[in-house]
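Worksheet for the structure shown next.
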Amino acid sequence: MKRPRLWINALVLSSCLLLGSGQTTIYGAEQNTAQAPADPNTAQASADPNAAQAPADPNAAQAPTDPNAAETPKDPNAPPDSYNWEVQSDAIPGWPTGPQVAAETAILMDAETGEILYAKGIDEKRYPASTTKIMTALVAIENSALTDQVTFSAEAVNGIEPGSTHIGIKPGEILTMEQSLYAILLASANEVSSGVAEFVGGSIPDFVNMMNTRAEELGCKNTHFVNANGLHDPEHYTTARDLANIAREAFKNETFRSIIGEEYYIEPKTNITDEERWLNNHHKMLVTGDLHYDGCLGGKTGYTSDAGNTLVTYAQRNGMYLISVVLADNAVYQYPDTAALLDYGFSNFHKAVLAQKGEVQCLKPLPIERYLYNLTKSKMMTRFTDTVTVDLPADLPVEDLTRKTSLEKKEQTTEYYLGEQLLAVSHAEVCPTLTLPEFLETVKSSPANTARAAAQSSIADQSSTSAGRTPKTSSSSLGDFFQELNYNFQNMPKWKYPALIFLVTAVIFYIVLLIIKIKRHRKKKKRKNTR
């Protein structure tokens, strides 16, 4: 009787163990499902018949109440990972902190000076999409007349991807170059871009070579074009920095500026099409609407599935002209990103004048410099050849910049730094024949000097960066000497008064010590004589 009982007990115990292990397996599978709802394998897990038993577990029902697990994957407007990528310009000491943007790479540049105010991955290669057409238009404008007649070939018209942007040009149709440029920059017409490339370059490959050559001339080091319209090709790429430099060069052209600033354009009837074509500007920050940006001067949009959304924007406020470029962005964020960059630039920077064209400054050269450059006067007078401005953080005065001055072939070059960041460069020609009275009279009557604030005096800048370069004056009269002395003192940096006080105190202290020493010496001598 004992054996059957043992067998029955063993059977019951093994059944219990099997049932218990099965429940543990189901619970574990459900936990993984609840913790990783974004996993693509989750859909397969729900097909498992065991998964249907999962909701019966009380612990599993509590898992979705975790806010992070429930909200993060379901929010369609959540920014991509690139939103938190590093902003390079934030590393500059004293620089305003830039905004976070969803674009993988982005830049904000001064259109007049090329100064970079904001940088995020600006040298990383990305696909430009239709922002390519900025270079297409620039090369076309520089190598044709607006009245030229462009006849479109079947290859240009039919050689674009099906479904890509076009305005319905037919083989043999004729547009003027001006009409073609409106179609390229406003309507982003791909077939028109190809037709213009054929007309200007003789063939599309030859025109593309012109584009690449022009990019090299502008200093673009990471740009390579394969076509004139920006349709995707793995070897067709650029960077935010390069594209901003291309956009800056194009903005210098009056025809380009005029076209991109139009909200719409009406293409007249042609030799083939007996109706007008209305071309609307695709840039939503220029046209009336919810995304309109005050001060927007136009730009260029772009999109392919490989490039994502690309956007180049020009804007002007308070005398500042800025260029914004965002690459590898998306439709939801490209305009808010651009607005954030432009707001950052206009709100956090002010334009300062470093040099005025025609302004005269004075520098005392070292003897070796006088010999090397055959300077006939002990004073080296220089005259700025260009007006130089810089965008500085709102609370940063010009005096806080570091200046490095060099002289070569009678041309003075001054570099302006904030920390190790080069902000601007000025050039001045040497005028060795200018005498001191002539110099003082020029400074007094110079409109450039009158217009500038005293804090931005270039002579003060030279004094602060050329320590030890003020030998004795060679003025011909005592009046000139005191006039020059007063002039040089007035144009010294702000620390001149503390330095003068320190110097006078040191001299007085030295005189007092000398008097005490003399008195002691006399007392010693008198004692010796009495002995």
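Numbers 13 to 543, taken from our numbering, label the letters of the sequence shown in order.
Note that beta-carbon positions come from the ideal geometry of N, C-alpha and C, so glycine has one too.
Enclosing beta strand (DSSP E) for residue i [first to last residue]
i: Phe-263; result: Unbroken run through Phe-263 is the alpha helix (DSSP H), 252-263; no beta strand (DSSP E).
i: Ile-278; result: 276-279
i: Ile-335; result: 332-341
i: Tyr-326; result: 320-329
i: Trp-97; result: Element bounds for Trp-97: n/a, residue is neither H nor E.
i: Asn-292; result: 289-292
i: Leu-303; result: Leu-303 -> no beta strand (DSSP E), and no H or E assigned at all.
Beta-carbon contacts of residue i that lie in its chain and below 6 Å, excluding the five residues immediately before and after
i: Met-121; result: Ile-128, Ala-256 and Ile-335
i: Asn-155; result: Val-212
i: Ala-460; result: Below a pLDDT of 50, predicted positions are generally treated as unreliable, and Ala-460, at 47, falls in that range; the measurement from the model is reported next regardless. These residues qualify, in order along the chain: Gln-368, Gly-370 and Glu-371.
i: Thr-267; result: Ile-153
i: Thr-109; result: Asp-102
i: Gln-112; result: Tyr-95
i: Tyr-315; result: Ala-141 and Asn-321
i: Lys-538; result: none
i: Leu-193; result: Ala-149 and Ile-271
i: Glu-173; result: Leu-243
i: Thr-426; result: Arg-415, Thr-417 and Ser-438
Delimiting residues of the alpha helix (DSSP H) encompassing residue i
i: Ala-297; result: The sequence shown places Met at residue 297, not Ala. Careful: Met-297 lies outside any alpha helix (DSSP H) and carries neither H nor E.
i: Lys-363; result: Here Lys-363 belongs to no alpha helix (DSSP H); instead the beta strand (DSSP E) covers 361-367.
i: Gln-191; result: 189-197
i: Asn-155; result: No alpha helix (DSSP H) contains Asn-155, which DSSP labels as neither H nor E.
i: Thr-267; result: 266-272
Within 8 Å, strictly: CB atoms of residue i and residue j
i: Ala-123; j: Tyr-305; result: no
i: Gly-106; j: Pro-409; result: no
i: Asp-341; j: Tyr-139; result: no
i: Asp-135; j: Arg-269; result: no
i: Pro-91; j: Tyr-345; result: yes
i: Asn-234; j: Thr-251; result: yes
i: Thr-350; j: Leu-323; result: yes
i: Ala-149; j: Leu-197; result: yes
i: Asn-227; j: Ile-146; result: A small fix is needed here, since residue 227 is Ala in this sequence, not Asn. Not closer than 8 Å, so no.
i: Val-169; j: Lys-132; result: no
i: Ala-1; j: Leu-303; result: Only positions 13 to 543 of the chain appear in the structure, and residue 1 is not among them; the question remains open.
i: Ala-436; j: Gln-373; result: no
i: Asn-202; j: Ser-176; result: yes
i: Lys-312; j: Thr-143; result: yes
i: Lys-422; j: Val-442; result: yes
i: Lys-182; j: Ile-284; result: yes
i: Tyr-130; j: Leu-353; result: yes
Own chain residues within Cβ distance below 7 Å of residue i, not counting five before or after
i: Lys-363; result: Gly-331, Met-332, Thr-401 and Asp-403
i: Glu-288; result: Ile-278, Glu-279, Pro-280 and Lys-281
i: Gly-307; result: Ala-327, Gln-328 and Arg-329
i: Asn-44; result: Residue confidence is low: Asn-44 scores 31 on pLDDT, short of 50, so the model does not pin down where it sits. Its coordinate-derived value is still stated next. Excluding residues within five positions, none has a Cβ falling inside 7 Å.
Contacts around residue i, its chain only, beta-carbon distance under 8 Å, and the 5 residues preceding and following it disregarded
i: Gly-126; result: Asn-257 and Arg-260
When you compare the segment 265-283 with the segment 232-250, are there three or more beta-carbon pairs, one atom per stretch, that lie closer than 8 Å?
no
Residue ranges of each beta strand (DSSP E) within the segment 112-190, 3 or longer
Listed in chain order, they are 117-122, 128-132, 161-163 and 186-188.
When the Cβ atoms of the segment 184-203 are set against those of the segment 160-170, are three or more pairs found closer than 8 Å?
The segment 184-203, when compared against the segment 160-170, does touch it at the 8 Å Cβ threshold.
Check whether the segment 203-210 and the segment 234-243 touch, using three or more Cβ-Cβ pairs below 8 Å as the test.
yes
Contiguous beta strand (DSSP E) assignments of at least 3 residues, all confined to the segment 399-441:
400-405, 414-420 and 423-430, all fully within the segment 399-441.
Does the pairing of the segment 110-117 with the segment 338-352 give three or more beta-carbon distances under 8 Å?
yes
Any alpha helix (DSSP H) of 4 or more consecutive residues that is wholly inside the segment 199-243
202-213 and 216-229
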